Amino acid sequence: MRTDGGKSRGFGRFHAAAWMVALAVFIGAFVVVWSESSASSSPPRQDHAEFLAGKSSSGAAGLDPEPTGIRLTDDGSYDGGRLQRGKAVSKRVTAEELYSAYSQIRSEYDEKAFRVHDDDGSGDVNGTGSEGWKTVRETADGVEIHILSHPSDPSCPYVRMRAVMPGSVEEVWDFLRLDNWERTMPKMDPFYEGLSVLGRYVHRNVDMVLARKRTKRILTFGKRDFTFVSVSDVPLSDGVWVSGTVSVVTPRFPRQSGYTRAFQDSVAFYEPLPSDPESGEGRTRLTIVCRIDLNDSGEGGEGGAVPMWIYVRTIGVSGVASIQSMRKQLVLDREERRQSKKDEEKKVRQKRRMKDLRDTEEEPVPCPLFPWIGPKKRQTIS
917 MRTDGGKSRG FGRFHAAAWM VALAVFIGAF VVVWSESSAS SSPPRQDHAE FLAGKSSSGA
977 AGLDPEPTGI RLTDDGSYDG GRLQRGKAVS KRVTAEELYS AYSQIRSEYD EKAFRVHDDD
1037 GSGDVNGTGS EGWKTVRETA DGVEIHILSH PSDPSCPYVR MRAVMPGSVE EVWDFLRLDN
1097 WERTMPKMDP FYEGLSVLGR YVHRNVDMVL ARKRTKRILT FGKRDFTFVS VSDVPLSDGV
1157 WVSGTVSVVT PRFPRQSGYT RAFQDSVAFY EPLPSDPESG EGRTRLTIVC RIDLNDSGEG
1217 GEGGAVPMWI YVRTIGVSGV ASIQSMRKQL VLDREERRQS KKDEEKKVRQ KRRMKDLRDT
1277 EEEPVPCPLF PWIGPKKRQT IS
């Protein structure tokens, strides 16, 4: 993420190259977030009140009691202490634990991000201790990138990305589903290496997928992997779809040799909009709030050599690039579907014509000289 500031000339060519490499890393990292979640604007909208209050559209309580101060012992149970990155679950990895981890993220985002307004210059917005959301970048085509540094963890700021995407909520959601990553991710993320689905869970009618995403090495920066749960939350009563992601820490899926265990969590809202007045195509307002740390900053981690100040300075460019890349792919996918539909309709018409031709060729022809002889079928000359 960037603040539109550049590096001074004294940093030299090496630092300029490192800047570009880091930018590429962060673009790849943002692609991870797209597929997993996004978040609400600030201040919270009225139609998102039930979400922020911890209730689903069905009216059931959405937030489980949180295991506070969680850390895992060797046998996979909890003890005291607190993780810097990710949410801890036991070695069993149950649906209840994963849902609780997601509930904690929702609660934290509500307190630290959703209730915070844009920067009003007061230095303490809404009594949260935060200076508020600061605009990092806005583009002519409606992409907005904002950043929020919260005093509870100023080294890992919140980022809010907002844009109108081409396609209905269903199309945008489907494009980002983990099941489609092998098709969609290589088009958007040049550093995508692969995805392993580790388990599928359901709790309170909420679908969850536990997965591990791997990225390729980029010059001096080693490979990264993310172990996370992707959550498809219950849609809100106003038609807004909600998804989220949470990095999880569990003895069942420890750090892997050759990879730096990176971290990210996010919440996303997919809001249906009226169709485009010119094309008639569906549109979706996508809002994502996330936090990313490409270093292994969690307990027992060994860093990762990516300075967080580069992350902050490149967020504007990387966030806009990820959104524009997704827009492009959504349009291309729509054209492919349209062309595929045309091709299928053409095949159906050809089959129908061939059938009509065969029926005509097989019509019985009466014998005029010997009418007592039954009619014969037309003979086709091959």
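Numbering (the working numbering), first residue to last: 917 to 1298. Every residue gets a Cβ at the ideal spot worked out from N, C-alpha and C, and that includes glycine. These numbers were taken from a predicted model, which means no experiment stands behind them.
- DSSP places Arg-1201 in no alpha helix (DSSP H) but in the uninterrupted beta strand (DSSP E) bounded by 1199-1209.
- For Trp-1157, the enclosing beta strand (DSSP E) stretches over residues 1157-1165.
- Exposed is the label assigned to Leu-1189, since fewer than 16 other Cβ atoms lie within 10 Å of its Cβ.
- Membership of Lys-1129 in the beta strand (DSSP E) is indicated by the continuous run 1122-1131.
- For Asp-1090, the uninterrupted alpha helix (DSSP H) run begins and ends at 1085-1092, by DSSP.
- Membership of Arg-1116 in any alpha helix (DSSP H) is not indicated; the residue belongs instead to the beta strand (DSSP E) covering 1108-1119.
- Trp-1089 and Asp-1249 have their alpha carbons spaced roughly 13 Å apart.
- Straight across, the Cα-Cα distance linking Glu-1260 with Leu-1094 is about 27 Å.
- Put simply, the backbone Cα of Ile-1134 is about 48 Å away from that of Val-1264.
- Here DSSP, grouped into helix, strand and coil, assigns Gln-1240 to helix.
- Cβ-Cβ separation between Arg-1001 and Phe-1179: approximately 4 Å, consistent with a contact (criterion under 8 Å).
- Note on geometry: alpha-carbon atoms of Arg-1254 and Val-1247 lie some 11 Å from one another.
- Here the C-alpha atom of Glu-1109 lies approximately 18 Å from the C-alpha atom of Ser-1163.
- Sixteen is the threshold: when 16 or more other Cβ atoms of the shown chains lie within 10 Å of the Cβ of Trp-1097, as they do, the residue is buried.
- For Thr-1100, the enclosing alpha helix (DSSP H) starts and ends at 1097-1104.
- Taking all protein chains in view, the Cβ of Thr-1200 is crowded by 16 or more other Cβ atoms within 10 Å, so the residue is classified as buried.
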